[in-house]
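Position 330, counted from 1, in the sequence shown is what the numbering used here calls 330; the numbers after and before it change by one each time, with no gaps. By construction, the Cβ of each residue, glycine as well, lies at the ideal position given by its N, Cα and C atoms.
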Amino acid sequence: MPFKNRPAPGLPTRKQILDFIQNASEPAGKREISRHFGLQGAEKIQLKALLKDMAEEGLIDGKRTAFHKMGGLPKVTVLRVVDIEEGEAIAVPDTWQPDDATPPPRIRLIEKGRGSALRKGDRVLARTEESETGWRAFPMKKLELRSDQVLGVVEMDTAGKPWLAPVDKRIRNSSPIAVLGGAKPGELVLGEPIGKSARPSIKVVQVLGEPLAPKSFSLIAIHKHGIPNHFGQETLDEAQRAAKLPLSHEQREDLCHLPIVAIDPSDARDHDDAIWAQPDGQGGFDALVAIADVSFYVRPGGEIDREARKRGNSVYFPDRVVPMLPEVLSADVCSLRSGEDRAAMACHMKIDAEGRVTDWRFTRALVRIHEVIAYEEAQARMDEDRAEDHLKQLWACWAALATARKNRDPLELELPERRVKLDDKGRITEIAIRERLDAHRVVEDFMIAANVAAAKALEAKVAPVVYRIHETPSREKLMALKEYLATFDKKLALGQVITPGLFNRMLKDITGEAEKALIMEAVLRSQTQAYYGPANAGHFGLALGSYAHFTSPIRRYADLLVHRALVDAYGLEQPRPQGDIPATSGLAERDRADLGRISDAISKAERRAMEAERDTIDRYVAAWLSSRVSEVFDCRITGVQKFGFFATIIGLGGDGLVPVSTLGDERFGYDEKAQVLVGEQTRTAYAMGQIVRLRLAEANPLTGALKFELEEAEGRIEPRGRPQQAFQKRGNHLVGKRGRPANIRHKGKGRR
């Protein structure tokens with residue numbers, strides 16, 4: 001094969017390789033490229049890796065002897081959607097190197113059906129072809145978002161070079177941006193690393209907008225944790241069809257005459273559950289827990305079900321909800337609204353005077369909710385003696401359930417929950433600890449009773465169960481707790497049976513608030529994380545032998561699986577729906593055969609949601625506190641390490657670090673067993689749970705990070721990361737000269 005103008009030896013660039021392929025008179029493979037560029041030894045190995053990267057980037061097709069030479073697009077490649085034009089998705093090759101001055105081709109994606117089911121940022125494997133009007137592609141498979149994507153803010157250095165400042169507080173350094181992708185300084189963007197070096201350059205793949213605008217904090221969490229937040233058109237179309245399914249009055253128990261009430265947060269949009277009770281004339285109660293019959297509308301194997309399985313649960317942020325189900329179902333047809341006929345799965349229970357559930361049965365029912373009441377309103381009616389009889393009967397039944405709870409002696413830990421209040425424009429109006437009312441406990445105990453009934457009802461039929469499992473603390477964690485308690489001259493005998501009541505009695509005997517907070521924190525850290533699984537291991541925290549989640553199928557896929565299992569076990573199937581809605585509302589065959597796989601998936605999805613919700617709250621708290629930098633707060637130490645201690649503001653939350661370097665001139669030693677920092681000269685100690693007065697030195701709304709310093713140590717906190725420039729005002733925000741929103745610094749219903 002004659003090749004002219006042979007270059008000097010050495011590994012060629014991507015552009016040189018593409019030029020060679022374009023100009024070659026015959027198909028060019030690795031051998032021909034190596035010979036043309038005169039490569040030897042290790043250079044041939046490097047060429048092989050380079051060609052593999054180019055194939056993955058869509059520049060060549062990567063076949064052994066015939067690399068593609070038609071504009072750099074192989075027949076099958078990965079594309080990224082960058083725009084939606086007149087209902088059609090427009091994409092570019094997923095990776096496009098900056099050393100090639102040619103802009104990436106814009107490719108029209110040809111999808112089945114009307115409109116685009118794809119959204120900006122989606123990645124697809126597609127078959128490409130060149131037509132008279134340009135490139136087009138046919139999607140073969142939608143791909144997951146890249147796990148190495150980075151969220152950050154574009155900032156410019158003094159030389160005019162762009163950098164990506166990450167919003168993840170675990171990433172300490174900015175990265176150089178090689179491809180801006182139209183992003184401007186100060187904008188929040190999604191980027192991907194280019195190359196595999198220790199500190200690769202970044203290519204911006206999506207511009208998300210103003211980082212401190214309302215609703216940006218939840219958007220950061222959605223992208224950071226890869227939470228699916230768009231429904232495809234096929235899913236939405238199926239949801240519309242499912243919403244029109246007729247309810248069979250003949251096949252459902254009619255409970256519309258009962259004054260069933262839903263007690264929920266005042267801002268709730270979806271209502272999963274409602275309750276009713278009345279005395280049975282024998283000292284006990286007939287009770288009912290009505291749960292939205294989601295399994296009637298969401299059938300296994302359909303598009304809605306596939307999307308719900310992927311999401312695992314709804315995710316709740318202060319400014320938005322990312323629902324598990326399309327809104328036409330979650331907030332409308334499935335939701336137990338007041339005064340409207342709704343499909344429900346009804347759990348009927350017989351409760352004796354001691355609060356024990358002595359019998360239960362499950363039916364598919366038709367309900368008409370008497371009233372939807374906010375927790376605060378229900379509590380006020382009871383406190384002010386203006387409650388209706390049906391509310392009084394609920395409280396009376398709860399008194400019996402509370403007796404049973406007391407006898408079980410479940411784990412009682414004070415775990416305050418932060419609540420962020422926003423105005424209509426998404427601005428923070430208040431952050432406070434959510435008040436715990438008896439109304440919350442009423443609903444919680446009714447739900448726990450129904451969850452236990454569902455688990456035992458399935459066990460009685462030897463049916464598959466997705467259990468909610470909370471295992472006994474491991475021996476390793478108990479040993480660590482024992483060693484920690486010994487520093488308080490308290491004993492924990494590991495030879496006895498470990499029960500929640502053991503911890504409760506330990507905490508009850510402590511009179512000092514500071515010491516109690518220390519030990520409560522240690523007990524909490526000794527607990528295992530709850531999860532879903534098909535093999536029962538009990539629920540340690542609730543002191544229950546069998547427990548499942550049944551009461552929230554609108555927002556948890558685990559509950560939907562339990563509903564389907566009940567449909568199968570108790571013959572609750574409804575008449576076959578017309579059209580292309582899947583026929584059965586029971587368990588899919590794959591789930592019946594192997595519940596372990598889906599249980600693991602939804603457990604991971606739950607942890608993902610918890611992390612995203614916590615990160616978002618941290619960002620809102622940091623934003624709220626950014627105007628209060630230099631103020632002094634009463635704080636509780638929540639963790640101690642050799643490099644410093646973490647503390648949270650009492651009554652508000654927001655964890656922040658106090659670096660050991662700011663504690664003074666003396667050296668501090670770290671006692672790992674006691675989890676305490678002790679000064680070598682003064683013997684000043686900082687221990688977990690201790691109350692201290694701290695000055696807020698830094699609040700970063702983008703990362704949610706806070707830094708504190710001792711009240712008397714003003715000005716010891718130094719900025720982290722790259723040197724900061726002077727700050728200037730942009731709108732309502734402070735930004736650095738490089739465009740980065742500034743760190744504001746001081747100059748000197750539960751998942752049980």
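{"Item": "Less than 6 Å between C-beta atoms, sequence neighbours within five positions excluded: which residues of the same chain meet that for aspartate 83?", "Value": "Ile90"}
{"Item": "Taking just the CA atoms, how far does glycine 596 sit from serine 603?", "Value": "10 Å"}
{"Item": "Using beta-carbon positions only, say whether threonine 235 and glutamate 303 come within less than 8 Å of one another.", "Value": "yes"}
{"Item": "So, for alanine 623: in the same chain, excluding its five sequence neighbours on each side, which residues have a beta-carbon less than 6 Å away from its beta-carbon?", "Value": "Pro701"}
{"Item": "Counting pairs of beta carbons, one from the region 215-228 and one from the region 303-320, are three or more of them closer than 8 Å?", "Value": "yes"}
{"Item": "Are the CB atoms of arginine 592 and proline 416 nearer to each other than 8 Å?", "Value": "no"}
{"Item": "So that I know if they touch, is there some Cβ in chain C lying closer than 8 Å to that of leucine 560?", "Value": "Included in the structure is just one protein chain, with no chain C present."}
{"Item": "What number of angstroms, rounded off, separates the C-alpha of valine 261 from the C-alpha of leucine 125?", "Value": "49 Å"}
{"Item": "If you measure between the beta carbons of histidine 400 and isoleucine 351, is that distance less than 8 Å?", "Value": "Per the sequence presented here, residue 400 reads as alanine, with histidine not at that position. Result yes, Cβ atoms of alanine 400 and isoleucine 351 sit closer than 8 Å."}
{"Item": "Identify every residue that forms a DSSP beta bridge with serine 338.", "Value": "Ile369"}
{"Item": "Run the CB neighbour count on valine 153, radius 10 Å, all protein chains shown included, and call it buried at 16 or more, exposed below.", "Value": "buried"}
{"Item": "Determine the burial state of glutamate 384: buried for a count of at least 16 other Cβ atoms within 10 Å of its Cβ, exposed for fewer.", "Value": "exposed"}
{"Item": "To the nearest angstrom, how far is it from the Cα of threonine 499 to the Cα of proline 200?", "Value": "51 Å"}
{"Item": "By the 10 Å Cβ neighbour count, where 16 or more other Cβ atoms means buried, how is isoleucine 637 classified, buried or exposed?", "Value": "buried"}
{"Item": "Quick check on threonine 133: buried or exposed, where buried means 16 or more other Cβ atoms within 10 Å of its Cβ?", "Value": "exposed"}
{"Item": "For alanine 439, collect the residues of the same chain with a Cβ closer than 7 Å to its Cβ; drop the 5 residues on either side in sequence, then sort them by chain order.", "Value": "Ile263, Tyr375, Ala378, Gln379"}
{"Item": "Quick check on the burial criterion: 16 or more other C-beta atoms within 10 angstroms. Buried or exposed for arginine 667?", "Value": "exposed"}
{"Item": "First and last residue of the beta strand (DSSP E) that includes threonine 128?", "Value": "123-131"}
{"Item": "Assuming contact is defined by CB atoms lying nearer than 8 Å, are methionine 345 and aspartate 409 in contact in what I supplied?", "Value": "no"}
{"Item": "At a cut of 8 Å, does the region 636-652 reach the region 675-688 through at least three beta carbon pairs?", "Value": "yes"}
{"Item": "Can you give the Cα-Cα distance for phenylalanine 20 and proline 166, rounded to whole angstroms?", "Value": "39 Å"}
{"Item": "Would you call the CB atoms of leucine 587 and leucine 625 closer than 8 Å?", "Value": "no"}
{"Item": "From the DSSP output, in three-state form, read off threonine 528 for me.", "Value": "coil"}
{"Item": "Please state whether DSSP places alanine 387 in a helix, a strand or coil.", "Value": "coil"}
{"Item": "Would you tell me roughly how many angstroms separate the C-alpha atoms of histidine 754 and threonine 584, rounded to the nearest one?", "Value": "Residue 754 is absent from the model: the chain starts at 1 and stops at 752."}
{"Item": "What is the residue span of the alpha helix (DSSP H) that serine 603 lies within?", "Value": "595-625"}
{"Item": "State the start and end residues of the unbroken alpha helix (DSSP H) segment that holds proline 500.", "Value": "500-508"}
{"Item": "Classify glycine 232: buried if its beta carbon has 16 or more other beta carbons within 10 angstroms, exposed otherwise.", "Value": "buried"}
{"Item": "Taking DSSP as the reference, what is the three-state secondary structure of aspartate 423?", "Value": "coil"}
{"Item": "Check each candidate in Leu422, Pro326, Gly654 and name the one with the smallest Cα separation from alanine 242.", "Value": "Pro326"}
{"Item": "In its own chain, which residues sit with a C-beta less than 6 Å from the C-beta of serine 552, not counting the 5 before and 5 after it?", "Value": "Asp272, Asp559"}
{"Item": "Just to confirm, are phenylalanine 540 and asparagine 451 a CB contact at a threshold of 8 Å?", "Value": "no"}
{"Item": "Just the C-alpha distance for isoleucine 581 and lysine 48, rounded to the nearest angstrom, thanks.", "Value": "50 Å"}
{"Item": "If you follow the beta strand (DSSP E) that lysine 224 is part of, which residue opens it and which one closes it?", "Value": "Element bounds for lysine 224: not the beta strand (DSSP E) but the alpha helix (DSSP H), 216-224."}
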